[in-house]
Structures are given as structure tokens and as C-alpha cells.
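Enquirer: Residue numbers (my numbering), protein chains in the order written: chain Z, 15 to 317; chain X, 15 to 317. Just so you know, even glycine gets a beta-carbon here, dropped at the ideal spot from N, CA and C. Predicted, not measured: the structure shown is a model, and the values here were computed from it.
Number of protein chains: 2
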Amino acid sequence: MTVSEPSFARALAEAAARTERMLEACLPVPDGTPGEAELAAAMRYAVLGGGKRLRAFLALEVARLFGADGAGAGRAAAAVECLHAYSLIHDDLPCMDDDDLRRGKPTVHRAWDEATAVLAGDALQTLAFEILADAATHPDPAVRARLVLRLAQASGHAGMVGGQAIDLAAGKAAGPLGAAQVKRLQALKTGALIEFAAEAGAIVAQAADADLSAIRAYARALGEAFQIADDLLDLTGSEAEVGKRLRKDAGAGKATFVDILGPGGARARAAELVAEAEARLAPYGPAAEVLIQAARFVVERRS
Amino acid sequence: MTVSEPSFARALAEAAARTERMLEACLPVPDGTPGEAELAAAMRYAVLGGGKRLRAFLALEVARLFGADGAGAGRAAAAVECLHAYSLIHDDLPCMDDDDLRRGKPTVHRAWDEATAVLAGDALQTLAFEILADAATHPDPAVRARLVLRLAQASGHAGMVGGQAIDLAAGKAAGPLGAAQVKRLQALKTGALIEFAAEAGAIVAQAADADLSAIRAYARALGEAFQIADDLLDLTGSEAEVGKRLRKDAGAGKATFVDILGPGGARARAAELVAEAEARLAPYGPAAEVLIQAARFVVERRS
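Here it is in C-alpha cells:
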């Protein structure tokens, strides 16, 4: 990871550590029962000790910006990471992207088997909603119900899963996707959950509607920049650093932002998006500086 | 279906028709977008036009018993059916039970492919939580958050998915499960969602805690009776009537209630459970008669 901004690096590391502790508290512990033990172990393996925790960072840092620093933001962050981990387990399955490596470790279906991977993903999705709906997340049930509703909208057929379905169809189509289709695919497949992560922090803090709109616009720009950087990494990164198989999109005939804009055009578009993210947070002054650094980080990272 | 009780038969048919309409209103409609169209079509195929809708009936009828007859009970019923349909799609996958037939039709991975089946199941789980968290389900967000929490508890690692994981492990174990293990497996795998269905009706109606306890105990007895009847049908039913592959448990070396108790003992235990379900509802008098008939029905059914 290349991080030019020390305060962001510290905030990201702190968010990761805090999220890890919260996930530890929320995840089931394997007992001796055959079946349940493997399920719990696979869930933990997929969620704990891995990833940059960018989504958790966004939830925690946005909550902090609007004055919420208690357990609720941490629980929302943990829920987003559970949802994200479920999507990675299922995306890696042989019938989907068929990947053997994730975050530098064997994928769940390689470490266990396909059935355990399907079930661990299923149970992590459920756990995300269980965490959000629990009274420990917020004393006001309206906040909890809103978190659940928005996560469901971001991650279901009109969000993340819909994006994955478009992606699968693109891999089988005669020609590559056009620019508008790639943008829509990515907005659903990865953008929606990144946007929800930031929004969740604002919901937990009971921020005003205008603040929620600003945060969503910031996160939308950051999410698109993140994806462009991912496409650039896919082209130029090393598998050892990135920790997963690269350059598979080219083989599958899927178009990426880089295919459409070229590497130079993609870099220029990413810079535009960072500027857009900064502009959305400008009204919040220095308190939003770490979130602005995060937008810069997503395009500079090397893994 | 053999139904000796005309008012139950009518109530079940009405619940099925009402749930079908509600599901129609909640499910995505396939548009022309490649990928999204197949996803929406597979979701609809798996949920619409099939099944007895026993879970939906329980939610609707319990809500009615406690005075709730509006859209909320119908939405809770639809959410339970989406959750149930997701579990069937994933259970039928080649890496799980590998079934080609469900409700007399090709399973989703046979009608489409495995990737679409994984995603349609994923999105149906999400949709269940989205339906419950939406303000249309109940004006009080505490009711919505409680529905979400209880569904998550019933269907996740400590509920339905946990039961499926035990079931998978049992298929690979050296010997069959004992009586206590079979009871626990079934309580998690099928009992927890049946119990939630009934409880959801009581939650929507904002029933008192004592009523919630009575309803849960009734539904627990009904759920176990349902499973015993399933095991007996598996032994004696015809595949044409039941609409799915039968007698696969014997081949997989898994123990069932019938293996443990024998057919006569299993029938006697089912009768005990029906009596238990009746006793729990006795205090509610004639208003609970249709629910009592439902408990009798689950052990008398032929499909």
C-alpha cells in the first residue's frame, strides 16, 4: 500500500483494528458440532484478518464527522464487511469467477469445499442484517430499520447482485460492453456497497438529509475512482502485491474502464472523480480531511 | 393434498393467492438488460406459482388472530416465502443436494445455470430483508427492526443455514445421527423458519409477549410434526405427487425421524405434537381453529 497521507494511513489502520475486534464479537465461534464448526470457521476465515477495510473506514469516519463515535458505527462497519466478504466468497465460486486465491490465501471453496462456501456466504449475508437490526447498533429502531433497508437496496437485485449478474452476462456476450454499460455495471457491483458504507455512518449519526446527499455523492465519486484504479491495477499490478488473480477480465472478453478510456484517459477520469469527491466534502472543512485523503488514496494504491 | 377441514383448505388457498399477489408486487420485473433480466426471471420462477405457502399462511393467520389484517402481514408472509425460496435454490445446487426437480419443475440451476442460481438465491435473501425493513410493512420502525432481527436469527448460522451445514456434515459422517442430533438438525434447518413465520404474524400485530411465546411453542410443535410427515412421505410417497426426488436420505446415510422411531413410532410422535400444538392454542378458542386445523393438516398431507 502506498499512502502519502500519514493521518489517513493512521485512520485506516485504526478503523481496520477496530473493525476486526467488532467482527470477532459478532461472528460465531466454532464449537465441536460437525457442520456448524466448519461453517463458523469458514465464516471467520473469510472475514477476519484480511482486506484494507476501506468500507469499514468510510462508515466509521463519516459517523465521526457527524459526531457518532460509539459502538453503533463500529457495528455498521462490521455489517458492511460481512456483506462484502459474502459477495467475495460467492464471486470466487467455480460457477462464477472460479478463483483460487483471495487476499493472498486460498478461497473458501478451495480451503473447504463448494457447499461450505455457498453456506458461509449465505450466513454472512444474514449476519450483516442481524448486526444492523440488533438494538446494540442504535437505540432508535428507525435508525436500525433504515440501515437494513438501505443495505438491502444496495446489495440486492437492484444493487450489488444485479451488477454481478450483468458482469456474468457480459462474459458470455458476443462483444464487449459500451462505456455507459461498464459504468452502470460497476456502479451496481462495487459502487453501491461503497456508497452504503459511507451512508451508514451518516445514518448512525442521524445526519440531516442534505448531509446524507453530500456523503452519498462523495462516496459515489470515490467508488468509481476505486474501480478505475482496480482496472489499472489489473493491467499493471503484480499478483503477489494485489493478492488475487489478475488480467482475467481480458480473457473473459469483458470491457473495463481502461479498455474504454485507455490508461491515460482512465487516470484523467480518476483524477476528475477525486476532485469531485473533494468538492462534495469542502463545506465540512478540516474535519473531512481524512475522508478527502481516502479519495486520493484509492487512486494511488498499489494493492 | 388431502384436506379434511374445509375452512383450513379455504384459508390456505386464500393465503396462497394473497401471497402470490404480494410477491408479484415485491419481485423485480425482467427488463431487457442482459444479466439483470435473467436474474429477475430466475427469482420469479423460484418464488411464484409454487408450493403450499404453509409459512405464508401461518404469518397471515396468526396476524389475523391478533387483529392485524392489513398489508403488513401480507408483506411479512411474502418475505418468509422469499427466504424459503432462496434456501431451496441453494439446497438444490450440484454442490449441495444436487436436485433436478423442485415442485415438479426443473430446479433453477437446471433451468438456467449454477451462477444464476447462486445469484437468484442471494438476491431473494436480500429481498426478504428489504421487504421487512420497508415502511410499507409497518408504520412503527420497532416492529420492522424486530422482524428483521428475528428472521436473521432464524435463518442464519444459528438457524436454517446452520441446520443445512449439520445436514451436509451428516451425509459425510461415518455413522447416522442420533435422535437428539436429528431433532436439532431439523429444528434449525426447517423448524426455525416455520417458527419465525408464525411469530412474524404476532410481531406485525404487536401481540403481547405471552402470546408470542404461545405462538412460538405452537409453531415449534407444528414444525417438528411437519418434518416427521416429510420423512414419512419420503418413505411412502410418490415422486409424481410430492414433486421432488424422494428416498435420497437413505442413500446418503442420513438418519431421519422415521429411521430412529420406526414408521409407527414416528406417526405416534407426530400425533403427540399435533396435540401439543392444539393445547398451546386452546386459550384462544374458536378464533384459533384454523391454525389448529393446520397442525392436523401437516401430518395428514400427501405432498
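Please work out which residues of its chain come closer than 6 Å, Cβ to Cβ, to residue 294(X), disregarding the five sequence neighbours upstream and downstream, and give them in chain order.
Expert: By 1-based counting over the second sequence, the position of residue 294(X) is 280. Once the five neighbours on either side are set aside, the close Cβ partners of residue 294(X) are 228, 231, 232.
Enquirer: Take residue 106(X) as the anchor and find which of 121(X), 43(X), 246(X) has the nearest alpha-carbon.
Expert: For the purposes of this step, residue 106(X) is identified with residue 92 of the second sequence, where counting begins at 1. Here the closest residue by C-alpha is 121(X).
Enquirer: Which residues, taken in chain order from the segment 45–60 of chain X, show a beta carbon closer than 8 Å to some beta carbon of chain Z?
Expert: Listed by position along the chain: 47, 48, 49, 50, 52, 53, 54, 57.
Enquirer: Closer than 7 Å by C-beta to residue 22(Z): which residues in its own chain qualify, once you throw out the five before and the five after it? Chain order, please.
Expert: Along the first sequence, one-based indexing puts residue 22(Z) at 8. These residues qualify, in order along the chain: 304, 307, 308, 311.
Enquirer: Straight-line CA distance for residue 288(Z) to residue 157(Z)?
Expert: Here the question's residue 288(Z) lines up with position 274 in the first sequence. Here the question's residue 157(Z) lines up with position 143 in the first sequence. C-alpha separation (whole angstroms): 30 Å.
Enquirer: For the alpha helix (DSSP H) containing residue 174(Z), name the first residue and the last one.
Expert: Sequence index remark: in the first sequence, residue 174(Z) carries index 160 (1-based). Residue 174(Z) -> alpha helix (DSSP H) spans 174–186.
Enquirer: With residue 29(Z) and residue 80(Z) assumed to form a contact (beta carbons below 8 Å), what rounded beta-carbon distance in angstroms separates them?
Expert: As a first step, residue 29(Z) is located in the first sequence; it is residue number 15 there, counting from the start. As a first step, residue 80(Z) is located in the first sequence; it is residue number 66 there, counting from the start. Their Cβ separation, rounded to whole angstroms, is 16 Å, which puts residue 29(Z) and residue 80(Z) out of contact at 8 Å.
Enquirer: Would residue 219(Z) pass as a contact of residue 290(Z) if the rule is Cβ separation under 8 Å?
Expert: In the first sequence, residue 219(Z) corresponds to position 205, counting from 1. In the first sequence, residue 290(Z) corresponds to position 276, counting from 1. For residue 219(Z) and residue 290(Z), no; Cβs fall outside 8 Å.
Enquirer: Against residue 98(Z), what residues of chain X qualify as contacts under a CB-to-CB distance less than 7 Å, listed in chain order?
Expert: Here residue 98(Z) refers to the residue found at position 84 of the first sequence. Near residue 98(Z) there are no residues of chain X at all, since even the closest Cβ is about 13 Å away, more than 7 Å.
Enquirer: Could you compute how far the alpha carbon of residue 215(X) sits from the alpha carbon of residue 90(X)?
Expert: Locating residue 215(X) in the second sequence gives position 201, counting from the first residue. Locating residue 90(X) in the second sequence gives position 76, counting from the first residue. Going by the C-alpha atoms only, they are around 7 Å apart.
Enquirer: Spell out whether any CB of chain Z is found under 8 Å from the CB atom of residue 132(X).
Expert: As a first step, residue 132(X) is located in the second sequence; it is residue number 118 there, counting from the start. At least one chain Z Cβ lies under 8 Å of residue 132(X).
Enquirer: For the ligand ZN, is there any heavy atom lying closer than 7 Å to the beta carbon of residue 204(Z)?
Expert: This structure lacks the ligand ZN, and indeed carries no ligand of any kind.
Enquirer: Expressed to the nearest angstrom, what Euclidean distance is found between the alpha-carbon atoms of residue 15(X) and residue 298(X)?
Expert: Counting from one through the second sequence, the residue named residue 15(X) turns up at place 1. Counting from one through the second sequence, the residue named residue 298(X) turns up at place 284. Residue placement at residue 15(X) cannot be trusted, given a pLDDT of 43 that sits under 50; the coordinates are not used to answer.
Enquirer: Mapping the DSSP letters down to three states, classify residue 41(Z) as helix, strand or coil.
Expert: Here residue 41(Z) refers to the residue found at position 27 when the first sequence is read from its first residue. It is coil, neither helix nor strand.
Enquirer: Considering residue 80(X), what are the terminal residues of the alpha helix (DSSP H) in which it resides?
Expert: Indexing the second sequence from 1 puts residue 80(X) at position 66. Premise fails: residue 80(X) is in no alpha helix (DSSP H) and is neither H nor E.
Enquirer: Touch check for the segment 185–202 of chain Z and the segment 38–58 of chain Z: three-plus C-beta pairs under 8 Å?
Expert: Segments in contact, no.
Enquirer: Whose CA, out of 222(Z), 101(Z), 185(Z), lies closest to the CA of residue 136(Z)?
Expert: Here residue 136(Z) corresponds to residue number 122 of the first sequence, with the count starting at 1. Selected option, being the one with the closest Cα: 101(Z).
Enquirer: For residue 301(X) and residue 77(X), I'd like the C-alpha separation in whole angstroms.
Expert: Within the second sequence, the letter at position 287 stands for residue 301(X). Within the second sequence, the letter at position 63 stands for residue 77(X). Roughly 12 Å separates the two Cα atoms.
Enquirer: How about residue 237(Z) and residue 204(Z): are their beta carbons less than 8 Å apart?
Expert: Position 223 of the first sequence, counted from the start, is the residue given in the question as residue 237(Z). Position 190 of the first sequence, counted from the start, is the residue given in the question as residue 204(Z). Going by C-beta atoms, residue 237(Z) is nearer than 8 Å to residue 204(Z).
Enquirer: Cβ of residue 42(X) less than 8 Å from any chain Z Cβ?
Expert: Sequence index remark: in the second sequence, residue 42(X) carries index 28 (1-based). Residue 42(X) counts as touching chain Z.
Enquirer: In the segment 121–147 of chain Z, which residues sit with their C-beta less than 9 Å from some C-beta in chain X, listed in chain order?
Expert: Listed by position, the residues of the segment 121–147 of chain Z near chain X (Cβ gap below 9 Å) are 123, 127, 128, 129, 130, 131, 132, 133, 134, 135, 136, 137, 138, 139, 140, 141, 142, 143, 144, 145, 146, 147.
Enquirer: Could one say the Cβ of residue 169(X) lies closer than 8 Å to chain Z's Cβ atoms, at least one of them?
Expert: Counted from its first residue, the second sequence places residue 169(X) at position 155. Interface residue, yes.
Enquirer: Scan the segment 109–120 of chain Z for residues whose Cβ lies nearer than 7 Å to a Cβ of chain X and list them as they occur along the chain.
Expert: Within the segment 109–120 of chain Z, the qualifying residues are 109, 110.
Enquirer: 8 Å is my cut-off, CB to CB: does residue 281(Z) come that close to chain X?
Expert: In the first sequence, residue 281(Z) corresponds to position 267, counting from 1. With 8 Å as the cut-off, residue 281(Z) does not count as an interface residue toward chain X.
Enquirer: Start and end of the alpha helix (DSSP H) containing residue 96(Z)?
Expert: Within the first sequence, the letter at position 82 stands for residue 96(Z). Residues 85–106.
Enquirer: Using a C-beta cutoff of 8 Å, does residue 180(Z) count as contacting chain X?
Expert: Here the question's residue 180(Z) lines up with position 166 in the first sequence. Taking Cβ atoms only, chain X reaches closer than 8 Å to residue 180(Z), which makes this a yes.
Enquirer: Quick check: the Cα distance between residue 139(X) and residue 213(Z), rounded to an integer number of angstroms?
Expert: On the second sequence, position 125 is the one that residue 139(X) refers to. On the first sequence, position 199 is the one that residue 213(Z) refers to. Cα-Cα distance, rounded: 22 Å.
Enquirer: Label residue 186(X) either buried or exposed according to how many other C-beta atoms from any shown protein chain fall within 10 Å of its C-beta, with 16 as the threshold for buried.
Expert: In the second sequence, counting from the first residue as 1, residue 186(X) sits at position 172. The residue in question, residue 186(X), is exposed, as its Cβ has fewer than 16 Cβ neighbours within 10 Å.
Enquirer: If the cut is a Cβ gap below 7 Å, which residues of chain Z does residue 107(X) touch?
Expert: Taking the first residue of the second sequence as position 1, residue 107(X) is located at position 93. Going along chain Z in sequence order, the residues near residue 107(X) (Cβ under 7 Å) are 132.
Enquirer: Using 8 Å as the threshold, is the segment 161–181 of chain X in touch with the segment 141–153 of chain Z, meaning 3 or more CB pairs across them?
Expert: Contact between the segment 161–181 of chain X and the segment 141–153 of chain Z is present, because at least three Cβ pairs lie under 8 Å.
Enquirer: Under 8 Å between beta-carbons, which chain Z residues line up against residue 176(X)? List them in chain order, please.
Expert: Within the second sequence, residue 176(X) is the residue found at index 162, counting from 1. Simply 49, 50, 53, 137.
Enquirer: Just to confirm my understanding: we take residue 17(Z), look at its own chain, exclude 5 residues before and 5 after, and list those with CB closer than 7 Å. What are they?
Expert: Locating residue 17(Z) in the first sequence gives position 3, where the first residue counts as 1. Its pLDDT being 46, under 50, residue 17(Z) is placed unreliably in this model, and the value from its coordinates should be taken loosely. For residue 17(Z), where only same-chain residues beyond five positions count, the Cβ hits under 7 Å are 23, 311.
Enquirer: Could you work out which residue in 161(X), 285(X), 44(X), 83(X) is closest to residue 239(X) when comparing CA atoms only?
Expert: Residue 239(X) sits at position 225 when you count from the first residue of the second sequence. Ranking the options by Cα distance to residue 239(X), first place goes to 285(X).
Enquirer: With respect to the alpha helix (DSSP H) encompassing residue 298(Z), which residues constitute its N-terminal and C-terminal limits?
Expert: The residue given as residue 298(Z) occupies position 284 in the first sequence. First-last for residue 298(Z): undefined, no H or E at that position.
Enquirer: Going by CA-CA distance only, name the one from 128(X), 182(X), 184(X), 176(X) that's closest to residue 207(X).
Expert: Against the second sequence, residue 207(X) aligns to sequence position 193. The shortest Cα separation from residue 207(X) among 128(X), 182(X), 184(X), 176(X) belongs to 176(X).
Enquirer: Straight-line CA distance for residue 209(Z) to residue 148(X)?
Expert: Within the first sequence, numbered from 1, the residue matching residue 209(Z) stands at position 195. Within the second sequence, numbered from 1, the residue matching residue 148(X) stands at position 134. Each residue's Cα considered, the two are about 19 Å apart.
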